[in-house]
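Student: Protein chains in written order, with our numbering: chain A, -5 to 333; chain B, -8 to 243; chain C, 217 to 475. I have a structure I would like to understand better, so I am pasting it below and will then ask my questions one at a time.
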Amino acid sequence: MRRRTIASLIAIVAIAVAVLLVGCVEEDAKMTTINMGHQPSTHQVAAILAAEKGWWEEDLSKFGIEEVKLHLFPSGPPEMHAMLAGDLDVAYVGTAPPIAAIYEGLDAKIVAGVQTQGSAIIIRPELADDYEREGPASLKGKTIATYPPGSIQYTVLSKWLLDHGIDPEKDVVIKAMGPSDAASAIGAELVDVVFLPSPHPAIIEKAGNGKIVEWSGNISPNHACCCLVASGEMMREHPDIVEQIIKTHKNATEYAIEHPDEAAEIFAQWHGADVSTITYSMNITDMHWIHDPHLEIESSLEYAMVIYELNKERYEAKGIEPLREEDIFDTNFYDEIMA
Amino acid sequence: MNHKLELRNVIKTFNSEEGKIKALEDINLNVKPNEFLCIIGPSGCGKTTLLRLIAGLEHPSSGEIVLDGKEVKGPSPDRGMVFQDFSLFPWRTVLKNVEFGLENLGVKDRREIAERYIELVGLKGFENCYPYELSGGMKQRVAIARALAMDPSILLMDEPFGSVDAQTRNVLQEELLEIWKRTKKTVLFVTHSVDEAVYLGDRVAVMSARPGRIIECMDINIARPRKRTSVEANEIREMLLIRLGLESQRIR
Amino acid sequence: MKTLARTKEKGLWLAPLLTALILWELAARYVIKNPAILPRFSDVIFSFYMLREDIILDILVSLLHFGIGLTLAFSVALPLAIGMGWFRNVFKAVDPIVEILRPIPPLAWIPIAMVWFHLTHYAAGFIIFLGAFFPILIASYTGFRDVPKVLVETGKVLGCIGDKNLIKYVAFPYALPSVATGTRVGMGVGWMCVVAAEMFGVSKNGLGFRLFNEFYWLHQMDYVVAYMLILGLVALCLDRLFRHFVEDKLFKWKKGMVK
């Protein structure tokens, strides 16, 4: 009796372990799926436009790729966290999150540009009159919500405040939040000001919850925003696939520039937004869709320094140096295409 | 003669899922002052219900219960009650248990009173013990002291020694008789045990099976201190057992 | 001989713990080799030193949120438990509402917390309140409901008349150990809600806030694990302190009752 009990216990444990391991079995060297990360911002419309038109699978089928899976992330850090875990091969993301992740050991590089500028400062409608009279100084003592320190938005916001003589530490209260929290925060009147990327400014304005007072392009002209990141493994093992992805991205970007209304429709469809609001957003935003990574090098290096300063103690203790261009960018693929 | 306790035509019915249950039917009973009256009967005959009516924990469906000339309305310390088990407040020491009722009455020298009764039941020195540290017999002694400390007009006891072992039971019975002699209380004692009833009581009331009636009140004219195995005791015991046996047959 | 046996018993927890820590360090160093996937134990220890300036403030802010939530939970749960445990009708009336609200995870209340309490410490306290409330309520009303009939009747025959007096002198002392147990469980659940409560920007400090909105976003996994350990250690301290100062005193008399 006892032996049977022990035998059945061993059998149960063995089955459980086998079931658990099934998920862990690595795919063979032959790659058939590409995992692509992206975010619900009009900055990254190229990703979903190419997906909607089937260009990803079409262009990559010759490499044996059967499926390109798009993974939606609310913001950059969770997306980079997934890339750190090895779950993403390429990612559409702001330039700051991958830089922060590379400091912590992410094996990936920026291989193409996606978009510059395109964020706006939105204030509550009641504060509009004061702002007209006094300008940014009227915001002293107010609460501002934006992405956490180290993000592009936080960096540009700090610059704007400092340019207008406002101390980000002492004169205002900056609350770090995720994007959807910040967007609903101004609607719920929990904060006075938000600084968010398109299409949030248009959505908030249309809902009557805020007034756009400044675009990021005026604060920091041509500052880098979104980019295309490829994992180190992809670049080493499948350089031809990486090159094709950049080509398809370039085509999708150029198509979006030519057909903004169609891009707006696709975005509205994919993310359940109102088409007219998205079209309005595309009209008023100051973002530029791009594909050349060189355009993003300068401001990205600035972000890298800002992030370094934020975490100086930690990086110094671990012997981490400020990132240089070659740590962040690999422009060879793009240069090959344009040659 | 003025009776201590009178029950006149007391009837008690309960509402249950099966309909109305008549627990007690037409109870008429007179208890003399200073009397030790035992009540016996088959299981389920309602002897506990009878005691609870006198204590005021239940109300009679009809009839009167009169103590010292006044009708009984609800529970009150003038009818002290000792339950079978688990009635001590476990979070209070022996002393604090005995003081409990005196606290409710706001008695100032309750400590001295409590200590006196603790000594009376033979537990001097155990004032600061908790119930969990005491044996079953000791706990029942505390319960008796606690009820007596209120100086009740009548002491109601519901199978108080039912949970202790036989030897402790005999000791407690003798101690109870001592206490009864000294305090001169009127005692109503419900029990399953005919032996116990014969040893303790001046009178034994025998109840019928449900619905409970008092079918016989037998005087026990044996002089105290009694011998448990005397001829007279055996005779009365046999009579009671036969009476009880007939009643028990009726249930089956 | 005796001291050797006693030392062995007391040190029983030490050997497994040390083994686990050593295995952790070896696995992180030689097997996983990626600090973003599994930070080294040594790095985590070093993190305590690196974060030394912030740790105390973060612990205090989290304890503030915890204190707000727990106090509120206890103040609301106890009177409600007395009502539900002692009065059958109150129980029947209120229990359905309780049972509907109870399974809702505290995290789901975050949007409501934000609009009711805005971005203040009270919003965080509210989430913790929701975590602590139900264990305290249920254990307490069970204690009040399970007061043995014989004790209540003993109280009555000894002159303790009326619901108010019976609750005060009989039910409450009887139920107190249940209330204590419920509070201890509630404390555990409430503390677990700290990270959720602090996630959404109520303050710039707090263990949960820093873990989720700083270390996670910057992929500083050794800091993440360090703060996870602190969360666990603080919970352990709170639990042990409560047991020592409250439960041990209350449970003396329960010893004899539960066999």
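Beta carbons are placed, not taken as given, at the ideal position from N, Cα and C, and that holds for glycine.
Does the distance from the C-beta atom of A95/A to that of I240/A stay below 7 Å?
Tutor: Not a contact, by the Cβ cut-off of 7 Å.
Student: Name, please, each residue of chain C whose Cβ falls closer than 9 Å to the Cβ of A46/B.
Tutor: Near A46/B (Cβ distances below 9 Å), the residues of chain C are E369, K372, V373.
Student: With a threshold of 7 Å between beta-carbons, can D175/A be considered close to chain C, or not?
Tutor: Chain C contact via Cβ: present.
Student: Pull up the distance between the alpha-carbon of V260/C and that of A102/A, whole angstroms please.
Tutor: Distance between the alpha carbons of V260/C and A102/A: 25 Å.
Student: Can you name the start and end residues of the beta strand (DSSP E) that N21/B belongs to?
Tutor: Its beta strand (DSSP E) spans residues 10 to 22.
Student: Could you give the distance in angstroms between the alpha-carbon of Q240/B and the alpha-carbon of I31/B?
Tutor: Cα to Cα, the separation comes out at about 15 Å.
Student: Helix, strand or coil: which one does DSSP assign to T279/A?
Tutor: Three-state result, T279/A: coil.
Student: Would G226/A be called buried (16 or more neighbouring beta carbons within 10 Å of its own) or exposed?
Tutor: So G226/A counts as exposed.
Student: My output table needs one value for T399/C: the three-state DSSP class, helix, strand or coil.
Tutor: Looking at T399/C - three-state DSSP - the assignment turns out to be helix.
Student: Could you tell me which of V373/C, F257/C, L228/C, V368/C sits nearest to P389/C, measuring between CA atoms?
Tutor: Comparing Cα-Cα distances from P389/C to each of V373/C, F257/C, L228/C, V368/C, the minimum goes to V368/C.
Student: Based on the DSSP secondary-structure assignment, which residues constitute the bridge partners of S7/B?
Tutor: According to DSSP, which records beta bridges pairwise, S7/B is partnered with G10/B.
Student: Using a threshold of 6 Å, is the CB atom of C220/A nearer than that to any non-hydrogen atom of the ligand SAM?
Tutor: This structure does not include the ligand SAM; it has no bound ligands of any sort.
Student: Under a Cβ-count criterion, where at least 16 other Cβ atoms within 10 Å of its own Cβ denotes burial, should Q147/A be classed as buried or exposed?
Tutor: It is buried - the Cβ of Q147/A has at least 16 other Cβ atoms within 10 Å.
Student: For Q75/B, collect the residues of the same chain with a Cβ closer than 7 Å to its Cβ; drop the 5 residues on either side in sequence, then sort them by chain order.
Tutor: Cβ within range, chain order: D149, E150, P151, G153, S154.
Student: Between which two residues does the alpha helix (DSSP H) harbouring L445/C extend?
Tutor: Start and end: 437 to 458.
Student: Are M300/C and F290/C closer than 7 Å when you measure CB to CB?
Tutor: No, they are not a contact pair.
Student: Below 8 Å on the Cβ atoms is my guess for F282/C versus I326/C; work out the distance and round it to an integer in Å.
Tutor: About 17 Å separates the two Cβ atoms, so there is no contact after all.
Student: Measuring only between beta-carbons, confirm whether G92/B sits less than 7 Å from chain C.
Tutor: Interface residue, yes.
Student: So, under 8 Å CB-CB, V187/A and I116/A are touching, yes? Tell me the CB distance rounded to an integer number of Å.
Tutor: Going by Cβ atoms, the distance from V187/A to I116/A rounds to 7 Å, so yes, they are a contact pair.
Student: Thinking C-alpha only, which one of D280/A, T140/A, A8/A, E307/A is nearest S214/A?
Tutor: That would be D280/A, whose Cα lies nearest to the Cα of S214/A.
Student: Could you list which residues in chain D have their beta carbon closer than 8 Å to that of P71/A, in chain order?
Tutor: Reference to chain D is not applicable here, since the protein chains of this structure are A, B and C.
Student: Could you tell me the alpha carbon to alpha carbon distance between E120/A and E128/A, rounded to whole angstroms?
Tutor: Each residue's Cα considered, the two are about 14 Å apart.
Student: Using a Cβ cut-off of 7 Å, pull out every chain A residue sitting near V331/C, in sequence order please.
Tutor: By Cβ distance, chain A contributes A182.
Student: Quick check: is the beta carbon of P312/C nearer than 7 Å to any beta carbon in chain B?
Tutor: Cβ-Cβ to chain B under 7 Å: no for P312/C.
Student: Assuming N421/C contacts D311/C (C-beta within less than 8 Å), just tell me the rounded distance between them.
Tutor: Between D311/C and N421/C the Cβ distance is about 39 Å, and since that is not below 8 Å, they are no contact.
Student: Suppose you measure from the CA of Y123/B to the CA of F77/B; what does that come to, to the nearest Å?
Tutor: Going from the Cα of Y123/B to the Cα of F77/B covers about 10 Å.
Student: Could you check what DSSP says for E60/A in three-state terms: helix, strand or coil?
Tutor: Coil, per DSSP.
Student: In the DSSP assignment, what are the bridge partners of L276/C?
Tutor: Note: L276/C sits in no beta bridge, so no partner.
Student: List the residues of chain C that G127/B touches, going by C-beta distances under 8 Å, in chain order.
Tutor: Correct list: empty, because the minimum Cβ distance to chain C is about 12 Å.
Student: Let me make sure I understand the geometry here. Which of L434/C, P251/C, W407/C, L457/C has the alpha-carbon closest to that of L279/C?
Tutor: Nearest C-alpha to L279/C: W407/C.
Student: Quick one: Cα of I284/A to Cα of V108/A, how far?
Tutor: Those two C-alpha atoms are separated by around 5 Å.
Student: Who are the near neighbours of K64/B in its chain, counting only those whose CB is closer than 8 Å to its CB and skipping five residues on each side?
Tutor: Contacts found: G47.
Student: If I93/A and Y297/A are in contact, beta carbons under 8 Å, what's the gap, nearest whole angstrom?
Tutor: Right, their Cβ atoms sit about 6 Å apart.
Student: For T84/B, name the three-state secondary structure that DSSP assigns.
Tutor: Correct three-state label for T84/B: coil.
Student: Please name the residue in I284/C, N250/C, V386/C whose C-alpha comes closest to that of P81/B.
Tutor: Ranking the options by Cα distance to P81/B, first place goes to V386/C.
Student: Assuming F431/C contacts M415/C (C-beta within less than 8 Å), just tell me the rounded distance between them.
Tutor: About 12 Å; that fails the 8 Å criterion.
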